[in-house]
Each structure stands twice: as C-alpha cells, then as structure tokens.
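Notes to accompany the following structure.
2 protein chains.
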Amino acid sequence: MTYACLGPEGTFTQTALRRLLSAVPPGRAPAHRPFPSVPAALEAARRGDCDAAVVPLENSVRGVVPATMDQLASAEMHINAEVEVPVSFALMAPEGVALEEVTAVHSHPHALGQCEDWLRTRLPGAGTRTAASTAAAARQVAETAAPGHAAIAAPAAADLYGLRILAGGLGREEGAVTRFVAVAPRWSHPARTARERTSLLVFLGPGGPALVPDVLNAFRTLGIALSWIQSWPTGRALGSYHLFLDVDAHIDTGPLRLAMAAVGSLGLEVRFLGSYPRWTATG
Amino acid sequence: MTYACLGPEGTFTQTALRRLLSAVPPGRAPAHRPFPSVPAALEAARRGDCDAAVVPLENSVRGVVPATMDQLASAEMHINAEVEVPVSFALMAPEGVALEEVTAVHSHPHALGQCEDWLRTRLPGAGTRTAASTAAAARQVAETAAPGHAAIAAPAAADLYGLRILAGGLGREEGAVTRFVAVAPRWSHPARTARERTSLLVFLGPGGPALVPDVLNAFRTLGIALSWIQSWPTGRALGSYHLFLDVDAHIDTGPLRLAMAAVGSLGLEVRFLGSYPRWTATG
Numbered sequence: 001m002t003y004a005c006l007g008p009e010g011t012f013t014q015t016a017l018r019r020l021l022s023a024v025p026p027g028r029a030p031a032h033r034p035f036p037s038v039p040a041a042l043e044a045a046r047r048g049d050c051d052a053a054v055v056p057l058e059n060s061v062r063g064v065v066p067a068t069m070d071q072l073a074s075a076e077m078h079i080n081a082e083v084e085v086p087v088s089f090a091l092m093a094p095e096g097v098a099l100e101e102v103t104a105v106h107s108h109p110h111a112l113g114q115c116e117d118w119l120r121t122r123l124p125g126a127g128t129r130t131a132a133s134t135a136a137a138a139r140q141v142a143e144t145a146a147p148g149h150a151a152i153a154a155p156a157a158a159d160l161y162g163l164r165i166l167a168g169g170l171g172r173e174e175g176a177v178t179r180f181v182a183v184a185p186r187w188s189h190p191a192r193t194a195r196e197r198t199s200l201l202v203f204l205g206p207g208g209p210a211l212v213p214d215v216l217n218a219f220r221t222l223g224i225a226l227s228w229i230q231s232w233p234t235g236r237a238l239g240s241y242h243l244f245l246d247v248d249a250h251i252d253t254g255p256l257r258l259a260m261a262a263v264g265s266l267g268l269e270v271r272f273l274g275s276y277p278r279w280t281a282t283g
Numbered sequence: 001m002t003y004a005c006l007g008p009e010g011t012f013t014q015t016a017l018r019r020l021l022s023a024v025p026p027g028r029a030p031a032h033r034p035f036p037s038v039p040a041a042l043e044a045a046r047r048g049d050c051d052a053a054v055v056p057l058e059n060s061v062r063g064v065v066p067a068t069m070d071q072l073a074s075a076e077m078h079i080n081a082e083v084e085v086p087v088s089f090a091l092m093a094p095e096g097v098a099l100e101e102v103t104a105v106h107s108h109p110h111a112l113g114q115c116e117d118w119l120r121t122r123l124p125g126a127g128t129r130t131a132a133s134t135a136a137a138a139r140q141v142a143e144t145a146a147p148g149h150a151a152i153a154a155p156a157a158a159d160l161y162g163l164r165i166l167a168g169g170l171g172r173e174e175g176a177v178t179r180f181v182a183v184a185p186r187w188s189h190p191a192r193t194a195r196e197r198t199s200l201l202v203f204l205g206p207g208g209p210a211l212v213p214d215v216l217n218a219f220r221t222l223g224i225a226l227s228w229i230q231s232w233p234t235g236r237a238l239g240s241y242h243l244f245l246d247v248d249a250h251i252d253t254g255p256l257r258l259a260m261a262a263v264g265s266l267g268l269e270v271r272f273l274g275s276y277p278r279w280t281a282t283g
C-alpha cells in the first residue's frame, strides 16, 4: 500500500498516517508519497497513482476542510479509516531570530486561522504568507533564512528542518484535534470491530434544508445514532447543500439499510462513503 | 449609523454595505469605518465603537466564514439584516506585468481557496500570500509594484488601485454568492416584511448531534421551514458542536415561540440571534 499525503516530512498528516498504521515503528514513515496539496493527494488516489490518500476532514476548532469536503461530494471516493491527531502549533525560525524580530509568518491557511488570536496579540505587525502545508512553511523558512521570517508548524518540524522554537501552544484552544480519513476509489471492507461508523452523503436536491428533518428521522426511527451532521454547499447557489452524515452503525446491518431506503423513498440520493472502525484514544 | 467593515476601499463587504443601504447613491459609500480583519470589525461593533458590523457569513462555494461563526457563537451578538453579493474574482497587476510573469499571488485566504483550481492549472509555479482582504491585496500589490506580484480581488479594485486585469472569472463556479449579515450587540427590531427569516443558535450540550433530530422536529411539527442547518464546532472536542438554524418565520409569531420552548424542554439552550427580512434579488 502506498498512501498519498500532504508533504513534505513533518506535516500533521504524516503523524496521522503513522497512527493509522500503528504497526509501523516510531520514527519510520510508512510507504507514502508526499504531495504539495490536499487536492493533489486526493487526485493521486482517485486516479489510482496511489492506493489511498490520507487527508484532514475536520478540526475541533476550525471546522471542516473545504478541499476534502469538495472531493468527497464530487468524486466517487470512499472512506476506509479514520484517525484523530492532536494539533499543537509552534512558531519557529532559524537560530538567531528573536520573537520580536519576526515580520513575516509562513504557514498553511488552516493553521494561520487557528493561530489568528495569538498572532493578533503577540505579533500584530507581522504579515502572514500561505504555504502548501505547515511543514512546507518550516522547510521554506529554513532554506531561505530570510531575516524576520518564521513558520507556524508542528513542534516536530523544528527538529526536522533545523529551526528553533520561539513560542509554543499558539492555537486558540488547548487540546485541538484534527480528524483525518483514508480515502480511495473503492471501499476496502475494513475488518469489523465493536465500534463502527458509517459515513453517508445525502444529496438534498431542490427541496433543500427543509427535507433534513425527514432525513434525520429515518435514522432516528430505527434507533441509529447520528454523530456528525454537516451541511456543505453544492456550489450552485446559496441555500443549496449536501448533507454529510456519520452514524454509529455498519452498512451491513438491517436497520441502516432500512434507514437508507427510507431516505431514498423521499426521492433523495444517498451515497455510501464507507463503514470503518470509529477512532478510539487507544488507537 | 456607522458600520464597521473589512477594508480598505474595494472589498466585497463594501459592496454588501452599499446594497444593504440601497438609498445611498451609487459611488458614495455609506458611513463606515474600515478594519483590517473580520474579527476586528466584529470587535468594534461588540464594544460599541461602531453601531454595527457588516461581515461575510457564508459563501455558496466555500461554506461558512469561521471568524463570523466564532463570534456569533461566543459573544452576545445579534443579526439585524442580511444581503447577498455576487462574488467574482479577477487577477490584477501593475501595468506591464504579463500573466506568464506572475510568481506571487496575494489575496484573502477565502478568495485563494475559491480560485485554487484556476491557480493550479494556470499558474502552477506561483506562490500565494495571504492579505487581510482582497482589496488590501490589490492595494499592496499596487504600492509595492514588486516584479511578478499580482492580486486576486473584485474587478472594481483594479480601477481603485490602478491595476490592470490579467484574467477574470477565476472562481470555481460561475454565479458564486456570499451572504453578509449586519451584526450588533442589540437586536434592532427591523421593520417586518412579507418574507421573514430568524436565525437561532442551539447549544447541543453533551448529547451532541444525537439530539439534532429532536431539535429539528420541534420546528417541523409546527410547520416552520428550515432554510439553513449548520454545525459549528464548540472548540472543546471533536464531536462537540453548536447548531446554527435559519427558519422562515418571525420571532413574534406563536409557532416559532412554541418551537423554541419545545427545544428548551429538551434541556437545550436556544439563543435568538435575530429576525430580519430575507434577502431577495430585488433588494
């Protein structure tokens, strides 16, 4: 198996990949190919250049990751696994740069968003520059060593690229977590466990959000718990949404099949994205 | 009335403000104070330094605006009006810069996200830099006139800052629209019209998404249509969400009061964000 993921070395995605394949010894990366962006990694999996892509889906502070939501909504991709990764941000720069000298901060837009409050209060004069990933930002700052430039990345990226940490814990919330998923064109029938999750995508059609109560009732009536209910725009107009649902049940169970048929009988298309073990802290 | 909004001149927010106050002659900006970011504009309204803030809430392609969702969820702010603005992006640079010479593209992260596909195919080698707003990006590119630097902004920003448009229609979808809202600490009791909308925020508490069907049924049972159902993370943990709802009814109607009481009887807090006229194309 080769996994497509956001590179270079030192991204949170690579921590996710290592956790997902917990048999891999610490410090050794599983077979993966780094890509410059989440859409590029997803595209490699879609075309079959890699067996799967490991990509971020949602964060406990900043919400969903648009690139992943778009791909799940528009391409026939499936989710075969999930993993949660604690997300902690540090500001890092080459040796000799002091915090008060920082004038430009490089990072991924999602990370810049999560560190907005810290930047506004601690470095109000500094500009921000987007990089394709947090690790790409760290690498770039290390390579160019331009005066006053720093990166926001995972603390581990500082070691990897020879940078010094100027400040840690930049995120707005202690204990922020990102949920990553492994996606591929086919559902891989992962081995069943005691805690199953199924991801579904409901195309709401012209009825729009007014139909959501009926959709949710179909699951509720059959005793299926919902753990994620997420609207995502179709892109066509304001008020036009897809509905992503996670439910606590495996696709090969009667009640879930019945619930999906009930949603179908409302005239709505339901796409099965995947059944997979729910992530637990013990991995 | 002074409105806080994202500056400088030439942002989509200022178009929203002009549309909102349709009595203002074209070309004349209503009384407003520009702020460098959406959180800063919201903070000015919260503190009372301005009477209200006009801020983007959601976009038909890219989904919700995190800074606005966060402020609505965490501060006692109310929505007094909404307005939709078509969003069209152009790439612009100082006179003499050709498209193929562009190496760095400046814009707001939301705009860079919406133009991701275009940038990947048409300017794959160019780096991206975040600016506080699309208009700030245009102004900066005009002022520094660094070789190879360009901005993505509203076409009108090119005129305003003396830039030349290199390409138009960069967004992923034709007809993309952003919904803006006017928010203030107090609800202003806007005059009632035939088409009312009420925005509510439901704190789901420890029961989480499993309670959403009950919440939605409370409105459905009383014949109240839902036009927006949006989960937003509380920031505390994955799986912990607030629920933003828009319903087609005014707060001073019996059925809506009853529905809100029904949600309260589930043990959940419902916060009233505002009742205001639904935006229609005729303004």
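As given, the protein sequences belong to chains B and U, one line each in that order.
Just so we're aligned, residue 1 is where the first sequence starts under full-length UniProt numbering, counting upward by one.
Just so we're aligned, residue 1 is where the second sequence starts under full-length UniProt numbering, counting upward by one.
C-beta atoms are modelled at their ideal positions from N, C-alpha and C, and glycine is treated no differently.
Note that the structure is a prediction, hence the values are computed from the model and not measured.
Check your understanding: Nearest to residue 133 of chain U by CA position, among U:3, U:229, U:40, U:231, is which residue?
Key -> U:40
Check your understanding: Using Cβ-Cβ distances below 9 Å, what residues of the stretch 222 to 244 of chain B are close to chain U?
Key -> 225, 226, 227, 228, 229, 230, 231, 232, 233, 234, 235, 236, 237, 238, 239, 240, 241, 243
Check your understanding: residue 173 of chain U touches chain B at which residues, Cβ-Cβ below 8 Å?
Key -> 235, 236
Review point. Should residue 212 of chain B be flagged as near chain U, meaning a C-beta pair shorter than 8 Å?
Key: yes
Review point. To which residues does DSSP link residue 115 of chain B through a beta bridge?
Key: Paired residues: none, contrary to the question.
Practice item. Output, in sequence order along the chain, the residues in the stretch 84 to 115 of chain B whose CB is closer than 7 Å to any CB in chain U. Key: 84, 109, 112, 113
Point to revise | Residues near residue 176 of chain U in its chain [Cβ-Cβ closer than 6 Å; skip 5 each side] | key: 60, 61, 87
Point to revise | Beta-carbon spacing of residue 148 of chain U, residue 97 of chain U below 8 Å | key: yes
Review point. If you run the structure through DSSP and keep just helix, strand and coil, what is residue 63 of chain U?
Key: strand
**Study point:** Local conformation of residue 89 of chain U per DSSP, three classes
**Key:** coil
Review point. Counting pairs of Cβ atoms below 8 Å between the stretch 266 to 282 of chain B and the stretch 119 to 132 of chain U, do you hit three or more?
Key: no
Review point. Cβ of residue 45 of chain B within 8 Å of Cβ of residue 183 of chain B?
Key: yes
Check your understanding: Per DSSP, what kind of secondary structure is residue 280 of chain B in: helix, strand or coil?
Key -> coil
Review point. Excluding the five sequence neighbours on either side, which residues of its own chain have a C-beta within less than 8 Å of the C-beta of residue 112 of chain B, listed in chain order?
Key: 105, 119, 128, 130, 152
Review point. Taking the alpha-carbon positions, what's the residue 103 of chain U to residue 123 of chain U distance?
Key: 8 Å
Review point. Does the Cβ-Cβ distance between residue 229 of chain B and residue 245 of chain B come in under 8 Å?
Key: yes
**Study point:** Opening and closing residue of the alpha helix (DSSP H) in which residue 134 of chain B lies
**Key:** 134 to 144
Check your understanding: For a contact meaning CB atoms closer than 8 Å, what does residue 68 of chain B contact in chain U?
Key -> Going along chain U, no residue has its Cβ under 8 Å from residue 68 of chain B, so there is no contact; the nearest lies around 12 Å.
Practice item. Please check the pair residue 154 of chain U and residue 12 of chain U, which I expect to be a contact at CB under 8 Å, by giving their CB distance rounded to whole angstroms. Key: 6 Å
**Study point:** Residue range of the beta strand (DSSP E) that includes residue 75 of chain U
**Key:** Segment: none, residue 75 of chain U is in no beta strand (DSSP E) and carries neither H nor E.
Point to revise | 8 Å Cβ cutoff, residue 216 of chain B in contact with chain U | key: yes
**Study point:** Under the three-state DSSP convention, the category residue 269 of chain B falls into
**Key:** strand
Practice item. Starting from the beta carbon of residue 198 of chain U, find every residue of chain B whose beta carbon is closer than 9 Å, and list them in chain order. Key: Those within 9 Å of residue 198 of chain U in chain B number zero; the least Cβ separation is about 14 Å.
Check your understanding: With a cut-off of 8 Å, does the C-beta of residue 63 of chain B fall near any C-beta of chain U?
Key -> yes
Practice item. Please name the residue in U:140, U:78, U:9, U:223 whose C-alpha comes closest to that of residue 189 of chain U. Key: U:78
Practice item. Out of B:166, B:117, B:65, point me to the one whose CA is closest to residue 94 of chain B's CA. Key: B:166
Practice item. Please confirm if residue 121 of chain U has its CB atom under 8 Å from at least one CB of chain B. Key: no
Point to revise | Three-state class that DSSP yields for residue 223 of chain B in the structure shown | key: coil
Exercise for review: Taking only beta carbons into account, state which residues of the stretch 175 to 188 of chain U come closer than 9 Å to chain A, listed in chain order.
Suggested key: Protein chains B and U are contained in the structure displayed, whereas chain A is not.
Practice item. Look at the Cβ atom of residue 280 of chain B, then the Cβ atom of residue 195 of chain B, and state whether they are nearer than 8 Å. Key: yes
Review point. Can you tell me whether residue 144 of chain U is buried or exposed, with buried defined as 16 or more other CB within 10 angstroms of its CB?
Key: exposed
Check your understanding: Is there at least one Cβ from chain U nearer than 8 Å to residue 130 of chain B's Cβ?
Key -> yes
Review point. Measuring CB to CB, does residue 63 of chain B end up less than 8 Å from residue 109 of chain U?
Key: no
Review point. Straight-line CA distance for residue 16 of chain U to residue 215 of chain U?
Key: 32 Å
**Study point:** Nonlocal neighbours in the same chain, by C-beta distance under 7 Å from residue 136 of chain U, ignoring five residues either side
**Key:** 8
**Study point:** residue 209 of chain B: contacting residues in chain U (beta-carbon distance under 7 Å)
**Key:** 226, 227, 228, 229
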